[in-house]
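Everything below concerns the one structure shown next.
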Amino acid sequence: MNILESIVIALDAVRAHALRSFLTLVSIAIGIFAIIGSGTAISSLNATVTKQLEAMGDAAYQIKRTPSIQMGNTWRKYRNRKALTYQQAKEFKKLLNIADAVSIGNTTFGITVKNGNLSTNPDVSLHGVDDAYFITNNISLSDGRQFLPEDIAAARPLAVIGNDAAVKLFPRGNPIGQSITIKNQRFTVIGILTSKGSMLGQSQDNEVLIPISNLMKYYVDEWEQSVAITVKSPGKDALEASMDESIGLMRALRNVKPWEDNNFEIETGESLSTQFATFTSYLNFFGLGSGLVALVAAGVGIMNIMLVSVKERTREIGIRKAIGARKSWILMQFLVEAITLCQLGGAFGIGLGLGGGLLLSSLLNAEAAAPVGWIIFSVAACTVLGVAFGLYPAWRAARLDPIEALRYE
Amino acid sequence: MAAEQPIIHIEHIAKVYTMGGEKLYALRDVSLDISPNEYVAIMGPSGSGKSTLMNILGCLDTPSSGIYQFNGLDVRSMSDNELAEIRNKEIGFVFQTFNLLARASSVKNVELPLVYSGVKRAERRERAEQVMHSVGLGDRMEHKPNELSGGQRQRVAIARALITNPAIILADEPTGNLDSKTGKDIMRLFYNLWQSGNTIILVTHEEDIARHARRIIRIRDGCVESDLPNEENEASYSEAI
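Order-wise, the sequence lines are chains A and B.
Residue numbers for the first sequence follow the working numbering, beginning at 1 and rising by one.
Residue numbers for the second sequence follow the working numbering, beginning at 1 and rising by one.
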């Protein structure tokens, strides 16, 4: 009597009550689907974001008032931080030594850009940048020219526009040299950004750049007045030295006392992806948690169905015992049946989860990634589930008295 | 009685159930020996204890007191697993209600005891087919029990009992669910099995069936009432059936 023999018997028993088995199986599939589905989606998300963050380069870092990714109730912690002002940033840029380039930027969202009676949706990101931004952020143009230091210093009404705005506002003809209107201010288009495609279903070309000096003057509300500084260090080796200098300089500029913590954030691409991974691990716990709850519910269903099955097959158990089946073999037969049922459900759930997760990530244009770890986990979970909830019914079957069982009608 | 060692040796066995503090004797005092190639009928009215005796003989149950030796081995001291092994290898059960697995084909039903004794698939199938032929069901291998007549079902059950070459065949009212003609066919099969050297114990309450055996043990109130050879002339009997 080996495992294979038991699996054959188990599959036969599952087939004999196809509908009942299927319904039980669905409940397991839902639990596994929740785990695998969220796992797949999150793996894809992680792969995409990591790739994007790596594109920022490993020699660059950012200094800003508050962290980019905040988890939990941190608003209280950061609300008293003083703004990182444009003035401070300009001072910082002037004084920092270990750097290839330092750019200062600020962004305001939900802007409408017009050209005559042509207009974009009110969802354009308006970036206030300086000349160094094109270096620190590896920005390239498909046409026209970048901002010059004089453009920034004089706050000239010039704009570099993203592909979306170019297509929308200038369906025919070249936008270079033409004018656009942003909040009743006229700007002359001097360049067009190279298209970056889309990420997670969002176009990355829906943006317009203007000189930071202009943005700070007209468009930024008081509470948004902090800017972000991006530093490109001379190389990966110099990154640490450059960051050390930046921290010291920033503390001096912001009057941080020696016993106080930094009142600003300094982030590298790497630290951001670590933060993002921490963030997604919370999402993973949600998926796992809800999946596990569903699985426990499914387990109760398994136990119920197995108890019914044992009751119905009392006579069969009696026959098997009379012709020489040991207790342990009866136990194993029913345990294997429970595990088989769980594994069938699990396989179903893994299929659904992978399909769903991949569909979701393709809708979001994320990198496809199969959560191998979660699949292994699911197979293991199904086995544990089968044993945990199949043991009691199997034990009941094994300890039946053969004489009583044979008499059972 | 034969001089060789008996297959079954029972001395003063009793089976007691306690119900509500009161002792109920299913068997009071039974002693008997059954030797190889005997054909024994155990008779008695319902409540006489013959079912209990059959369960004990079949190692489905153990006596409360007394001695039960099977092929010289003490059954009372056996574990559940050892009892299961004796049932598997040494005893072939034939039941009144056939007790076949409804979802399995007849050849699969016949194979089942070999599954539990660990015989490989190919050998199992070969032996099962052989036994199916010997009970006259060579053309019914893949039929499920519900596709067979009562007589055919009982033949499948007999094939299942025979497949391990057991020391005894224990038949409990084997014709109880069959019409008299089919019953007669089944009894002829038992007779042939006995003729070819098998040991058969028949449990029944019908005189007509019991007279097929060569020895008749009558049980009443948990005791052996009589234990006599069947006086009928064997030659005239074999002619009759």
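Yeah, the Cβ is synthetic: ideal placement off N, Cα and C, and Gly gets one too.
| Asked | Found |
| --- | --- |
| If the criterion is Cβ atoms closer than 8 Å, does the pair GLY66/B and ILE13/B meet it? | yes |
| In or out: ILE69/A buried (at least 16 other Cβ within 10 Å) or exposed? | exposed |
| Could you work out which residues of chain B lie near ILE323/A, taking near to mean beta carbons separated by less than 8 Å? | ARG87, ASN88, PHE93, LEU112, PRO113, TYR116 and ARG160 |
| Give a yes or no on whether the minimum CB-CB distance between LEU60/B and chain A is below 8 Å. | yes |
| Is ALA26/B close to chain A? Criterion is C-beta to C-beta, closer than 8 Å. | no |
| Going by other Cβ atoms of all chains shown within 10 Å of its Cβ, with 16 needed for buried, is ASN165/B buried or exposed? | exposed |
| Have a look at HIS9/B and ASP29/B and give me their C-alpha separation to the nearest angstrom. | 14 Å |
| With respect to the beta strand (DSSP E) encompassing ASP172/B, which residues constitute its N-terminal and C-terminal limits? | 168 to 172 |
| Using the rule of at least 16 other Cβ atoms within 10 Å of the residue's Cβ for burial, across every protein chain shown, is ALA294/A buried or exposed? | buried |
| Give the interface partners of ARG103/B over in chain A, defined as CB-CB distance under 7 Å, in chain order. | ASP12 and ALA16 |
| Whose CA, out of SER180/B, GLU173/B, ASN88/B and LEU189/B, lies closest to the CA of VAL135/B? | LEU189/B |
| Below 7 Å on C-beta distance, what does ALA14/B contact in chain A? | Correct list: empty, because the minimum Cβ distance to chain A is about 17 Å. |
| Does the distance from the C-beta atom of ASN109/B to that of LEU100/B stay below 8 Å? | yes |
| Can you find at least 3 beta carbon pairs, one from the region 346 to 353 of chain A and one from the region 24 to 33 of chain A, that sit closer than 8 Å? | yes |
| Check the Cβ of ILE319/A against every Cβ in chain B and list those closer than 7 Å, keeping chain order. | ASN99 and LEU101 |
| How is GLY390/A classed by DSSP in three states: helix, strand or coil? | helix |
| Within the same chain, show all residues whose beta-carbon is closer than 6 Å to that of TYR86/A, passing over the 5 residues directly before and after it, in chain order. | MET216 and VAL227 |
| Tell me which residues share the same chain as ARG211/B and place their Cβ nearer than 7 Å to its Cβ, disregarding the 5 neighbours each side in the sequence. | ASN230 and GLU232 |
| Among the residues of its own chain, which have a CB less than 7 Å from the CB of LEU352/A, if the five just before and after it don't count? | ALA29 and PHE33 |
| Taking the alpha carbon of ILE176/A as the reference point, which residue from LEU193/A, GLN185/A, ASN2/A and ILE247/A has its own alpha carbon closest? | LEU193/A |
| Give a yes or no on whether the minimum CB-CB distance between ARG326/A and chain B is below 8 Å. | yes |
| Please look up how many angstroms separate the CB atoms of ASN115/A and ILE182/A, rounded, as I've assumed it's under 8 Å. | Not really, about 11 Å apart at Cβ, beyond 8 Å. |
| I want to see whether chain A comes within less than 8 Å of ASN81/B, judged by CB atoms only; does it? | yes |
| Against ALA84/B, what residues of chain A qualify as contacts under a CB-to-CB distance less than 8 Å, listed in chain order? | LYS321, GLY324, ALA325, ARG326 and LYS327 |
| Which one or two residues does DSSP pair with ASP29/B in a beta bridge? | CYS223/B |
| CB ILE36/A to CB THR340/A, shorter than 8 Å? | no |
| Does the beta carbon of PRO393/A come closer than 8 Å to any beta carbon on chain B? | no |
| Between GLY150/B, ARG76/B, ASN71/B and HIS143/B, which has its C-alpha nearest GLN96/B's C-alpha? | GLY150/B |
| DSSP puts VAL102/A in a beta bridge; with which residues? | VAL231/A |
| With DSSP collapsed to three states, give me the class of ALA2/B. | A caution first: ALA2/B carries a pLDDT of 45, below 50, which makes its placement in the model unreliable, though a value can still be read off. ALA2/B falls in the coil class under three-state DSSP. |
| What residues from the region 299 to 310 of chain A come within 8 Å of chain B, judged by C-beta to C-beta, listed N to C? | none |
| Which chain B residues sit within Cβ distance under 8 Å of ILE403/A? | ASN55, LEU60 and ASP61 |
| Quick one: give me the first and last residue of the beta strand (DSSP E) that MET43/B is part of. | 39 to 43 |
| Could you check which residue in GLU409/A, ILE98/A and ALA89/A has the C-alpha nearest to that of LYS311/A? | GLU409/A |
| Step through the CB atoms of chain B and report whether any lies within less than 8 Å of the CB of GLU337/A. | no |
| Looking only at its chain, what residues have a beta carbon closer than 8 Å to the beta carbon of VAL119/B, apart from the 5 residues adjacent to it on each side? | ARG127 |
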